[in-house]
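Take a look at the structure below.
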Amino acid sequence: MADAILEVFRGNQEVGGAKQYTVPITPGMVVLDALHYIQAHLEPDLAVRWNCKAGKCGSCSAEVNGKPRLTCKTRMDALPTDKPITVYPMKSFPVIKDLVTDVSWNYRVNRKIPPFTPKPGTDWKMYQEDMDRVQEFRKCIECFLCQNVCHVVRDHHKKEEFGGPRFFVRVASLEMHPLDNVSRAKLLKDELGIGYCNITKCCTEVCPEEIKITDNAIIPLKERVVDEFYDPIMKLVRKIRGAPKAG
Amino acid sequence: MGGFSIYATFRAFEGKFYEAAPYLSPFYSPLIDPHHHWLPLWFSPAMLILAFPLGFRATCYYYRKALYRAFLLDPPACAVGESPHRNYRGEAKFPFILQNAHRYFLYAAVVFLCFLWYDAFRAFWFPGPDKTLHFGIGLGSLVLLVNIVLLSLYLFSCHSLRHLIGGKMDCFSCTTFNLKRHGAWKKASFLNERHMLFAWASLISVGFADFYVRMVSSGIIKDLRIL
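Structural data, given as structure tokens:
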């Protein structure tokens, strides 16, 4: 049985550093298993957030060899073992302890989004062709890997002005819902700062649920913002048709 | 992409070797004042034309990703650090807020696409000794045909077009017309998944089509007649 060396971050936001551990690799082992081995045999106080170990709870996000990913979906035999495998906490969020980060900023952003709001007296009938787009967005497990990798948050620290890919996915699921009756275009432009996104598609690259975040959520929302605020012809058409202004 | 930009700039300013009957370089289509009746001699007709396809590509959602990553290193790659000192404004402020004009370049691109289809069709009609046009196939005809097919695929896979033809709808099933738009939107979505492929393929093909016409027009090579 081969061994792997894991270089794991230990510490908190103020102090900390990498520490190396030797872990025996077993068949089918994932990085989260290796972290559990460290907890069980070497370092009982290693802090790791996890729940399902099945890629569905979105708890075990970290940066493995510099790439944001779920540790429960990252197989050890897919990583080179000739050098230490690095496991660091998500860079965009403050570290609470070791690999556990404070992701509460995401919940504050979420509270800015008006929830699903149907018209009064809605006929609760929906057809599959209307729901296809929305169902893709419902796959989101809120692992926040997209938020972590987005350079607007990660490098430019625009947490006050920017919502991030996860919440563009949520807004898209509401905006494209056939029974929803609220426009979130102004919110997208002014409070969630969709203009800060420059379509680098990193969020799509890291999404463990393979949601086409950029192509199916962010770009369609950008186009809706263009409809409302930057396209004079569309504005004129809306005026002629007497369509309501974006909320 | 940098190589293409250099070549396209050179060809735009060159102002000659753009026509070899029945072929017309896509950089010079539609042909505007080739004998310089009202354009100054130093002004190449391509300069009037290239701004539109260039604008369409520069504001294209795929090329935006490529340009920001490759030329502005913003970011250089996913999860790779950037300079933290810059005042990042993304596409929220000038100059990149102008990227929102993509749909207007799309409208212009539709017009240019019609001209290029006409040129591709005309490339199959060769002037005979009696000055009448006869159907024929030359290598140039096929080059221009492949080029216009790839350009069409690039245009029809555009994110803005996908939005305008149906993506903006919230309820496809609400009216019969909306259901038809859903069908069009699904087809546009199928093409849209391959937008990057079409973007590169059409960029290469349009450069090659111009290069081929230039080679024939300048007499460096002779067009190969197949039929």
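The listed protein sequences correspond, in order, to chains A and B. At position 167 of the first sequence the residue is numbered 167 (the numbering used here), and the sequence of numbers has no breaks. At position 187 of the second sequence the residue is numbered 434 (the numbering used here), and the sequence of numbers has no breaks. Ideal placement from N, C-alpha and C gives every residue a C-beta, glycine not left out. Here the structure is a predicted model, which means the values were calculated and not measured.
Residue range of the unbroken beta strand (DSSP E) whose run includes residue i
{"i": "L380(B)", "result": "380 to 382"}
{"i": "V95(A)", "result": "95 to 97"}
Residue(s) in a DSSP beta bridge with residue i
{"i": "E266(B)", "result": "L271(B)"}
{"i": "P118(A)", "result": "D180(A)"}
{"i": "I85(A)", "result": "L6(A)"}
{"i": "V100(A)", "result": "K97(A)"}
{"i": "P44(A)", "result": "In the DSSP output, where bridge partners are listed per residue, P44(A) has none listed."}
{"i": "G11(A)", "result": "G16(A)"}
{"i": "R472(B)", "result": "G385(B)"}
Simplified DSSP state of residue i, which is helix, strand or coil
{"i": "R238(A)", "result": "helix"}
{"i": "L70(A)", "result": "strand"}
{"i": "S19(A)", "result": "Correcting the residue identity first, residue 19(A) is Lys in this sequence and not Ser. Three-state DSSP puts K19(A) in a strand."}
{"i": "P165(A)", "result": "helix"}
{"i": "P374(B)", "result": "strand"}
{"i": "P24(A)", "result": "strand"}
{"i": "G287(A)", "result": "There is simply no residue 287(A) to check, as chain A begins at 1 and stops at 247 in what is shown."}
{"i": "R304(B)", "result": "helix"}
{"i": "R75(A)", "result": "strand"}
{"i": "Y365(B)", "result": "helix"}
{"i": "E338(B)", "result": "coil"}
{"i": "D417(B)", "result": "coil"}
{"i": "V390(B)", "result": "helix"}
{"i": "Y357(B)", "result": "According to the sequence displayed, residue 357(B) carries Val and not Tyr. Helix, per DSSP."}
{"i": "E209(A)", "result": "coil"}
{"i": "E160(A)", "result": "coil"}
{"i": "D215(A)", "result": "helix"}
{"i": "S399(B)", "result": "helix"}
{"i": "K186(A)", "result": "helix"}
Minimum C-alpha distance to residue i - residue among the options
{"i": "L398(B)", "options": "F362(B), Y265(B), P322(B)", "result": "F362(B)"}
{"i": "I296(B)", "options": "L389(B), Y309(B), T256(B), F264(B)", "result": "T256(B)"}
{"i": "N347(B)", "options": "I194(A), C60(A), V15(A), C143(A)", "result": "I194(A)"}
{"i": "G121(A)", "options": "L179(A), W105(A), I233(A)", "result": "L179(A)"}
{"i": "A268(B)", "options": "F368(B), F455(B), C405(B)", "result": "F368(B)"}
{"i": "P89(A)", "options": "N12(A), P27(A), K56(A)", "result": "N12(A)"}
{"i": "D321(B)", "options": "K119(A), C150(A), R108(A)", "result": "C150(A)"}
{"i": "I473(B)", "options": "Y401(B), R258(B), G387(B)", "result": "G387(B)"}
{"i": "F299(B)", "options": "P277(B), L471(B), L319(B)", "result": "P277(B)"}
{"i": "E160(A)", "options": "I199(A), Y127(A), N110(A), E136(A)", "result": "N110(A)"}
{"i": "L187(A)", "options": "K222(A), L79(A), P27(A)", "result": "K222(A)"}
{"i": "K26(A)", "options": "A172(A), Q147(A), A2(A)", "result": "Checking the sequence, you will find Thr at residue 26(A) rather than Lys. Comparing Cα positions, the closest option is A2(A)."}
{"i": "H349(B)", "options": "F318(B), G302(B), K340(B)", "result": "G302(B)"}
{"i": "T81(A)", "options": "P24(A), V134(A), K125(A)", "result": "P24(A)"}
{"i": "R304(B)", "options": "M462(B), I468(B), G383(B), S252(B)", "result": "S252(B)"}
{"i": "L408(B)", "options": "I219(A), V31(A), A4(A)", "result": "I219(A)"}
{"i": "K119(A)", "options": "K139(A), P84(A), Y21(A), N181(A)", "result": "N181(A)"}
{"i": "S436(B)", "options": "R170(A), L32(A), N216(A)", "result": "N216(A)"}
{"i": "S59(A)", "options": "K67(A), V48(A), E210(A)", "result": "V48(A)"}
{"i": "E329(B)", "options": "A446(B), A317(B), E338(B), G250(B)", "result": "A317(B)"}
{"i": "N334(B)", "options": "D190(A), S104(A), D155(A)", "result": "D155(A)"}
{"i": "T422(B)", "options": "E228(A), Y230(A), E129(A), G16(A)", "result": "E129(A)"}
{"i": "A326(B)", "options": "F93(A), E63(A), V100(A), A78(A)", "result": "E63(A)"}
Range of the contiguous alpha helix (DSSP H) that encloses residue i
{"i": "S61(A)", "result": "Where S61(A) is concerned, there is no enclosing alpha helix (DSSP H), although the beta strand (DSSP E) it sits in stretches over 61 to 64."}
{"i": "P220(A)", "result": "219 to 225"}
{"i": "Y310(B)", "result": "308 to 317"}
{"i": "Y37(A)", "result": "31 to 37"}
{"i": "D231(A)", "result": "Per DSSP, D231(A) belongs to no alpha helix (DSSP H) and is neither H nor E."}
{"i": "H406(B)", "result": "406 to 409"}
{"i": "D130(A)", "result": "128 to 137"}
{"i": "V460(B)", "result": "442 to 464"}
{"i": "T256(B)", "result": "249 to 261"}
{"i": "A324(B)", "result": "Looking at the DSSP string, A324(B) is not in any alpha helix (DSSP H), and its letter there is neither H nor E."}
{"i": "A431(B)", "result": "423 to 439"}
{"i": "N148(A)", "result": "145 to 149"}
Members of the stretch 107 to 127 of chain A that neighbour chain B once the beta carbon cut-off is set at 7 Å: Of all residues in the stretch 107 to 127 of chain A, Y127 have a Cβ within less than 7 Å of some Cβ in chain B.
According to a CB-to-CB cut-off of less than 7 Å, which residues of the stretch 296 to 316 of chain B neighbour chain A? Within the stretch 296 to 316 of chain B, contact with chain A at the beta-carbon level (separation under 7 Å) is assigned to Y308, R311, K312, Y315, R316.
Counting only Cβ-Cβ distances shorter than 7 Å, please list the residues of the stretch 410 to 432 of chain B near chain A, keeping chain order. So the list reads H410, G414, K415, D417, C418, F419, S420, H429, given in the order they occur along the chain.
Compile a chain-ordered list of the residues in the stretch 53 to 83 of chain A whose CB is closer than 8 Å to at least one CB of chain B. Of all residues in the stretch 53 to 83 of chain A, those with a C-beta nearer than 8 Å to a C-beta of chain B are E63, G66, K67, P68, reading in chain order.
Near-chain B residues of the stretch 183 to 202 of chain A - C-beta to any C-beta below 7 Å: So the list reads G193, G195, Y196, C197, N198, I199, T200, K201, C202, given in the order they occur along the chain.
If you measure beta-carbon to beta-carbon, which residues of the stretch 91 to 104 of chain A are closer than 7 Å to chain B? Of all residues in the stretch 91 to 104 of chain A, none has a Cβ within less than 7 Å of some Cβ in chain B.
Any C-beta of chain A within less than 7 Å: which residues of the stretch 318 to 336 of chain B qualify? Residues D321, P322, C325, A326, G328, E329, P331, Y335.
Closer than 8 Å, Cβ to any Cβ of chain B: which residues of the stretch 5 to 37 of chain A, in chain order? Closer than 8 Å at the C-beta level to chain B, one finds no residue of the stretch 5 to 37 of chain A.
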